[in-house]
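Residue numbers (this note's numbering), protein chains in the order written: chain C, 76 to 329; chain V, 12 to 417.
No residue lacks a Cβ here, since even glycine has one placed at the ideal position from N, Cα and C.
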Amino acid sequence: MSLLKLNEATIRFGGLIAVNKVSFELKKGDLFGLIGPNGAGKTTCFNLITGVYKPTDGQILFDGKDITGTPSNKIANLGISRTFQNIRLFKALSVLENVIVGGFLRNNTGLLSSLAYLPGAINETEEMKQEALRLLDVLNLRQVANVRSADLSYGMQRRLEIARAMATKPKLLLLDEPAAGMNPQEKEELNVMVKKIRDEHGMTVLLIEHDMRFVMSLCENIVVLDHGEEIAQGPPAAIRNDPKVIAAYLGEAV
Amino acid sequence: MFWPKRIGSGIAAIAVCFLIDSITHHSFGSYEQRIIALVGIYVTLAVSLNLINGITGQFSIGHAAFYQVGAYLAGFISRRYITDAGHTPPPVLWLIGMILVAAAGASIAGFIVGLPSLRLKGDYLAIVTLGFGEIIRILVQNTDALGGSYALDKIPKIQEIWLIWLLAFICIAVCRNLLKTARGLTFLAVREDEIASSAMGVNVTRVKVTAFVLGSAFAGAAGALLAHYEGLITPATFTMDVSFIILTMVVLGGTGSITGSVVSAIFLSYLPEYLRTLKGGDGQPLVVSGTAVVAALIVTVLAVAAIKTVLNRHLFTPQKRGLIYVGIIIGAAMLEPLFSLLLHPVPMLANMQVAAAQLRMVIFAVTLIVLMLLRPQGVFAHHEFSWDWVKKILGKGPVPSTEVSA
Ligand SMILES: Nc1ncnc2c1ncn2[C@@H]1O[C@H](COP(=O)(O)OP(=O)(O)OP(=O)(O)O)[C@@H](O)[C@H]1O
Ligand SMILES: [Mg+2]
Numbered sequence: 076m077s078l079l080k081l082n083e084a085t086i087r088f089g090g091l092i093a094v095n096k097v098s099f100e101l102k103k104g105d106l107f108g109l110i111g112p113n114g115a116g117k118t119t120c121f122n123l124i125t126g127v128y129k130p131t132d133g134q135i136l137f138d139g140k141d142i143t144g145t146p147s148n149k150i151a152n153l154g155i156s157r158t159f160q161n162i163r164l165f166k167a168l169s170v171l172e173n174v175i176v177g178g179f180l181r182n183n184t185g186l187l188s189s190l191a192y193l194p195g196a197i198n199e200t201e202e203m204k205q206e207a208l209r210l211l212d213v214l215n216l217r218q219v220a221n222v223r224s225a226d227l228s229y230g231m232q233r234r235l236e237i238a239r240a241m242a243t244k245p246k247l248l249l250l251d252e253p254a255a256g257m258n259p260q261e262k263e264e265l266n267v268m269v270k271k272i273r274d275e276h277g278m279t280v281l282l283i284e285h286d287m288r289f290v291m292s293l294c295e296n297i298v299v300l301d302h303g304e305e306i307a308q309g310p311p312a313a314i315r316n317d318p319k320v321i322a323a324y325l326g327e328a329v
Numbered sequence: 012m013f014w015p016k017r018i019g020s021g022i023a024a025i026a027v028c029f030l031i032d033s034i035t036h037h038s039f040g041s042y043e044q045r046i047i048a049l050v051g052i053y054v055t056l057a058v059s060l061n062l063i064n065g066i067t068g069q070f071s072i073g074h075a076a077f078y079q080v081g082a083y084l085a086g087f088i089s090r091r092y093i094t095d096a097g098h099t100p101p102p103v104l105w106l107i108g109m110i111l112v113a114a115a116g117a118s119i120a121g122f123i124v125g126l127p128s129l130r131l132k133g134d135y136l137a138i139v140t141l142g143f144g145e146i147i148r149i150l151v152q153n154t155d156a157l158g159g160s161y162a163l164d165k166i167p168k169i170q171e172i173w174l175i176w177l178l179a180f181i182c183i184a185v186c187r188n189l190l191k192t193a194r195g196l197t198f199l200a201v202r203e204d205e206i207a208s209s210a211m212g213v214n215v216t217r218v219k220v221t222a223f224v225l226g227s228a229f230a231g232a233a234g235a236l237l238a239h240y241e242g243l244i245t246p247a248t249f250t251m252d253v254s255f256i257i258l259t260m261v262v263l264g265g266t267g268s269i270t271g272s273v274v275s276a277i278f279l280s281y282l283p284e285y286l287r288t289l290k291g292g293d294g295q296p297l298v299v300s301g302t303a304v305v306a307a308l309i310v311t312v313l314a315v316a317a318i319k320t321v322l323n324r325h326l327f328t329p330q331k332r333g334l335i336y337v338g339i340i341i342g343a344a345m346l347e348p349l350f351s352l353l354l355h356p357v358p359m360l361a362n363m364q365v366a367a368a369q370l371r372m373v374i375f376a377v378t379l380i381v382l383m384l385l386r387p388q389g390v391f392a393h394h395e396f397s398w399d400w401v402k403k404i405l406g407k408g409p410v411p412s413t414e415v416s417a
C-alpha cells in the first residue's frame with residue numbers, strides 16, 4: 076500500500092516553476108532517494124510534503140489521506156518528519172533538549188500541569204527525557220547529551236537533526252542531504268544508521284543526497300528531478316545508465 | 012510525598028512574603044515602603060515580559076499597556092464599588108479578587124496583541140506592540156469615566172506589600188516551572204526556530220499566544236496592585252518610558268534568564284530612588300553639571316567601542332584589561348573640564364545643571380549601550396540561579412547549562 080503519493084505536485088514562485096507536475100509514490104518500508112542537480116527542486120519537494128509551502132497544483136496523499144495544504148505541525152502529528160539541508164537546530168538548547176522537543180508532540184498533560192509543575196508534567200518530562208536518551212544512543216550522541224547543540228561538530232549536528240526528527244516517531248522520515256559536510260568515515264556510519272532506521276525502527280525513508288555513491292548504495296528506488304521536472308525514476312542500476320540523467324549531470328560520473 | 016512538599020513550599024513562600032511585609036512596616040517609613048512595593052511590582056513586570064520576549068522570543072515592547080489595562084480595570088471597579096457605592100468588602104479578599112479580574116482583562120488584551128505575532132516578526136511586531144501601548148494610553152486619556160488625562164483617583168488604598176511580593180514569587184515560579192518541563196522547551200524552540208518547531212509538531216501559534224496571554228495576565232495583576240497601593244493612577248504612569256524600562260530590565264538581565272530579569276528589575280527600579288536621595292554639599296538634592304554628563308556619555312560610548320575593537324584583536328590579560336578600564340574612567344573625569352572650557356562661550360550650555368534624579372534615563376542608556384557592545388547576551392546570559400551554581404562558585408559540582416539535563 077502506498078504511504079506517500081505525490082500527484083502532479085506543482086509550485087510556482089512568481090515566474091519560476093520550482094516543482095513541475097512531479098509524481099511518485101513510496102510504499103511502506105521503502106528506502107527512497109530523491110536526486111538532481113542544484114536547484115532542481117528537491118528541497119522544495121520536501122517543503123511541499125511537510126506543509127512549509129502549499130502546492131499551486133496537484134495533491135499530496137499520505138497514508139490514504141489528502142494532506143495538501145495541511146499546516147506543518149499537523150503533518151508532523153500525522154507522521155511525517157524531516158531534517159533540514161541548512162541545519163535548523165534549536166541552537167541554544169542542549170542536544171538532549173532538542174530531541175525532547177521532537178518527542179513533545181505525544182504529550183498528554185496540559186499547560187496548567189506544566190505551569191504548576193504537577194506530577195503529571197514532571198513524570199511526562201522524565202519519560203520524554205528517557206526516550207530522548209535512548210534515541211541519542213541510536214545516533215551515537217549520548218556522550219554529548221548536555222552540550223549546546225550549536226557547539227557540536229557539523230557531522231554531529233546532522234545526526235542530531237535525524238535524532239530530533241525520529242523523536243516524533245514518524246512513519247515517514249525525510250532526510251535532506253544528511254551526508255553533506257561529512258567525511259568518508261562519517262558517511263559510512265550514516266549509511267549503516269539509515270539502514271537501521273528503516274529496518275529496526277520501521278520508518279520509511281525518503282532522502283535527498285548529492286553523493287551518488289551514497290545514494291546508489293543505500294536506496295532501492297530513486298527519483299531524479301531537473302529544473303523542477305521529474306526526468307527519471309527507478310532502481311539505481313537503471314538510473315545510472317539513463318541518458319536523461321547523464322545529460323542532466325552533464326556527463327558527471329553517476 | 013509530592014503534595015506535602017508542595018504545600019510546604021507554598022506556605023514557606025507566603026511566610027517569606029509576610030516577613031518582607033512586616034520588616035518593611037517596622038523598619039521603614041512610608042517613602043521606603045513604597046519603594047519596596049514598587050520594586051516588587053517591577054519584578055513581576057520584568058519576569059512576565061521575559062516570558063514573552065526572552066523565553067518565547069516575541070519582541071514585544073509595549074508591556075506597560077497590559078499593566079495599564081489591569082490597573083485601570085481594577086482601579087475603576089474598586090472606586091465604583093467601594094468609594095462611590097460605599098460597600099465594604101474585606102479588603103484583602105477584595106484585592107485578591109481584583110488581581111484576578113485585572114489578570115483576566117489584561118490577558119484578553121494580550122490575546123489580541125498576540126494575534127499579530129503570528130504573522131509579524133522582530134521589528135514589525137515591536138512596532139505593533141508599541142502602537143498598542145500608545146492606543147491604550149490615549150484611549151484612557153480620552154475617557155472621562157477613567158479620569159481622562161488627569162487621574163483615576165479615590166481608588167480605595169489597600170496596601171499589602173506581602174501580596175505584591177507573593178505575586179512576584181508566583182510569576183517567577185510559574186516561569187521556572189514552565190522551563191523545567193518539556194512543554195517549556197517548546198517555547199524556547201519557537202524562539203530558536205519557528206520552521207523547525209512546527210516541523211517537529213509544535214503548534215507555534217498556540218505557544219506564542221499562550222506566552223502573550225500569560226505574560227500580560229501577570230502585568231495586569233501587577234497593575235491591580237499598583238492601583239490599590241497608590242490610590243490614584245494617571246496615564247503618565249504607563250507611558251512608553253515605562254515599557255522601555257521593563258524591556259531594559261529584561262535585556263540587561265539576559266533575555267530568557269528569569270534570574271537576570273529579577274536582579275535587574277530590583278536594581279533598575281531602585282536606582283532612580285537612590286539617585287533621588289543623593290545630597291549635594293549644601294544638603295540640597297545633588298545637582299551635577301550638564302557638561303559632565305555629556306562628557307561622560309560620549310566618552311563611555313567611544314571608549315567601549317574602542318575597547319571592543321582592540322580587545323577583540325589582542326588578547327589582554329585580565330590585569331591589563333582592568334588597567335585599560337581605569338585609564339578610561341580617569342580620562343572621562345579629565346574630559347569634564349575640557350568640555351566646560353569648550354562650552355564656555357555658550358553660557359546656557361556651560362551652566363546647564365542636571366538633578367541627579369534625572370540621570371536615570373542617561374544611566375539606562377549608557378548601561379544598555381555598554382552592555383550591547385561588551386556582553387550582548389545580557390549579564391546573566393541564559394543562566395539561572397540554582398544551588399548547583401552556588402556550589403560551583405564555592406568550588407564544587409558541575410553547572411547544568413539549562414534546566415532539563417541528563
Ligand atoms: N521560497 C522561494 N521563493 C522563490 N524561489 C524559491 C523558493 N524556494 C526555492 N526557490 C527556488 O526553487 C528552485 C529549487 O530550489 P530547491 O531548494 O528546491 O533546490 P534543490 O534541488 O534542493 O537544490 P540544492 O541541491 O542546491 O539544495 C531554486 O531555483 C530556488 O531558487
Ligand atoms: Mg536542497
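| message | So, at 8 Å on beta carbons, what are the nonlocal neighbours of F159 (chain C) in its own chain, with the 5 sequence-adjacent residues on each side left out? | response | Contacts found: E236, D251.
| According to DSSP, is R223 (chain C) helix, strand or coil? | strand
| request: Using DSSP bridges, identify the partner residues of A307 (chain C). | output: C:V299
| Just the Cα atoms here: how many angstroms apart are I244 (chain V) and G158 (chain V)? | 9 Å
| Should the segment 236-255 of chain V be called in touch with the segment 68-83 of chain V, which here means at least 3 C-beta pairs below 8 Å? | Enough Cβ pairs lie closer than 8 Å, so yes.
| query | By Cβ distance, which residues of its chain are closer than 8 Å to Y83 (chain V), with the 5 residues on each side in sequence left out? | reply | Closer than 8 Å at Cβ, skipping near neighbours: V151, L157, L163, G234, A238, I244.
| query | In angstroms, rounded to a whole number, what distance separates the CA positions of A228 (chain V) and I63 (chain V)? | reply | Taking the CA atoms as reference points, A228 (chain V) sits about 12 Å from I63 (chain V).
| field | Rounded C-alpha distance that separates I339 (chain V) from I31 (chain V) | value | 41 Å
| task | Would you identify the three-state DSSP class for N188 (chain V), choosing helix, strand or coil? | result | helix
| message | Measuring alpha carbon to alpha carbon, tell me which residue in V:A179, V:L136, V:A113, V:T94 is nearest T270 (chain V). | response | V:A179
| said: Using the three-state DSSP reduction, which class does P246 (chain V) fall into: helix, strand or coil? | reply: helix
| query | For ligand 2, is there a heavy atom less than 7 Å away from the beta-carbon of I110 (chain C)? | reply | no
| message | Is the beta carbon of P112 (chain C) closer than 8 Å to that of D301 (chain C)? | response | yes
| said: Going by beta-carbon coordinates alone, are D141 (chain C) and T279 (chain C) separated by less than 8 Å? | reply: No, the Cβ-Cβ distance between D141 (chain C) and T279 (chain C) is not below 8 Å.
| query | N183 (chain C): buried (16+ other C-beta within 10 angstroms of its C-beta) or exposed? | reply | exposed
| said: Taking the alpha-carbon of S118 (chain V) as reference, which of V:I277, V:L279, V:A232, V:Q388 has the nearest alpha-carbon? | reply: Answer by Cα proximity: V:A232.
| request: Return yes when the Cβ of V261 (chain V) is within less than 8 Å of the Cβ of A57 (chain V), no when it is not. | output: yes
| DSSP-derived helix/strand/coil call for D132 (chain C) | strand
| In its own chain, which residues sit with a C-beta less than 7 Å from the C-beta of S292 (chain C), not counting the 5 before and 5 after it? | N266
| query | Of all the alpha helix (DSSP H) runs that stay within the bounds of the segment 148-225 of chain V, which reach a length of 4 or more residues? | reply | 172-191, 193-203, 205-210
| Can you tell which of C:F179, C:S98, C:R157, C:A207 has the C-alpha that lies nearest to the C-alpha of N214 (chain V)? | C:F179
| Mind listing which residues of the segment 116-140 of chain V have their C-beta closer than 9 Å to chain C's C-betas, in chain order? | none
| Inter-stretch contact (C-beta, 8 Å, three-pair minimum) for the segment 160-172 of chain C and the segment 221-233 of chain C | yes
| request: Can you grab the Cα-Cα spacing for the pair V219 (chain C) / L227 (chain C), in whole Å? | output: 8 Å
| said: I want to verify the contact list: residues of chain C whose CB lies under 9 Å from the CB of I206 (chain V), in sequence order. | reply: V127, S147, F159, R163
| field | Three-state class that DSSP yields for D274 (chain C) in the structure shown | value | DSSP places D274 (chain C) in helix when its eight states are reduced to three.
| task | For ligand 1, list every residue whose C-beta falls under 6 Å from any of its heavy atoms, going in chain order. | result | C:F88, C:L91, C:A93, C:G111, C:N113, C:G114, C:A115, C:G116, C:K117, C:T118, C:T119, C:Q160
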